[in-house]
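Okay, so here's the structure we're looking at.
Residue numbers (the working numbering): 7 to 319.
If you want it as structure tokens, here you go:
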């Protein structure tokens, strides 16, 4: 279907994903780069889930949350990366209307869920460091399950609302989305509808999602730092910080890259695409490394698994 000067969204059957505006010969390099990083995302997060499920010593709230974080990272990368790689090697860089809506829905679902899971993990570290004697009472299996289920519920509701308003508009000027995935900002750019409702819904969701999660994380961090600094021995402070710094690294990566993307001027779409690669692929690739390299429990569990395999061979 060609571009129209006027029309309703129901007339649109597909969109064109521009991807990166580079020379055609560089598309192979982009494909290989995405393939390498996505392969590391799969390897790292599947390995992390496997280690947590296999080792009974990791049957704690922190690793329950970490397993869910790896699951989320794995799937929101999978929602974007394979389609982007296909388009790098294809002349017809199209995605169906339904496929675009589905990609946007699942990406929004997992990225919002991750924000709430990170907040739950910050609360978990706050209890572990500031109230260690009551940790097992406060962080019960039931509460952990409720926190994760609530995170997915918030992601689900947010995704339904975002998809409903984003894909209910009319697309009159173009089918061309100047991105390598179905990004809401670029979708709205090709709409000729009044976007007041879209902007109000986006602002409301951002307030309801970002504000509470950031408040929980920041307040938890403030209590953690205050508590750790009161520990008299340097060894005790080091041990307490070691259980928290991995979470700090993961939070900094996600919120740092997302914030940088939204602070990037809309007039520089190529830079926004590069930043998008960081939170879609690079952050999910680095998260398992941050937790495995800085966590002696994970390293010990990995050694046990490798030792068992070596003994059986």
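Glycine residues also receive a C-beta, built at the ideal position from the N, C-alpha and C atoms.
A quick note: this is a predicted structure, and the numbers were derived from the prediction, not measured.
Contact between residue 37 and residue 116 does not hold, since their C-beta atoms are separated by about 23 Å, which reaches or exceeds 8 Å. Around the beta-carbon of residue 313, fewer than 16 other beta-carbon atoms lie within 10 Å, marking it exposed.
Taking a 10 Å sphere around the C-beta of residue 268, we find fewer than 16 other C-beta atoms and assign the residue as exposed. Counting along the chain, the unbroken alpha helix (DSSP H) around residue 233 starts and ends at 202 to 235. Membership of residue 280 in the alpha helix (DSSP H) is indicated by the continuous run 275 to 283. Under the DSSP assignment, residue 79 falls in the alpha helix (DSSP H) whose first and last residues are 67 to 94. When only Cα atoms are considered, residue 159 and residue 122 end up about 10 Å apart. Per the Cβ contact rule, the segment 301 to 309 is in contact with the segment 54 to 63 (3 or more Cβ pairs under 8 Å). In the DSSP assignment, the residues bridged to residue 102 are 20.
Beta bridge pairing from DSSP links residue 183 with 23. Going by DSSP, residue 150 is part of the alpha helix (DSSP H) stretching over 147 to 172. Under the three-state reduction of DSSP, residue 250 is assigned to coil, being neither helix nor strand. Annotated three-state conformation of residue 257 is helix, per DSSP. In this structure, the beta-carbon distance from residue 64 to residue 257 does not fall below 8 Å. For residue 32, the closest of 96, 178 and 215 by C-alpha to C-alpha distance is 96. The DSSP-derived three-state label of residue 97 is coil. Looking from the CA of residue 88, the closest CA among 180, 47 and 131 belongs to 47.
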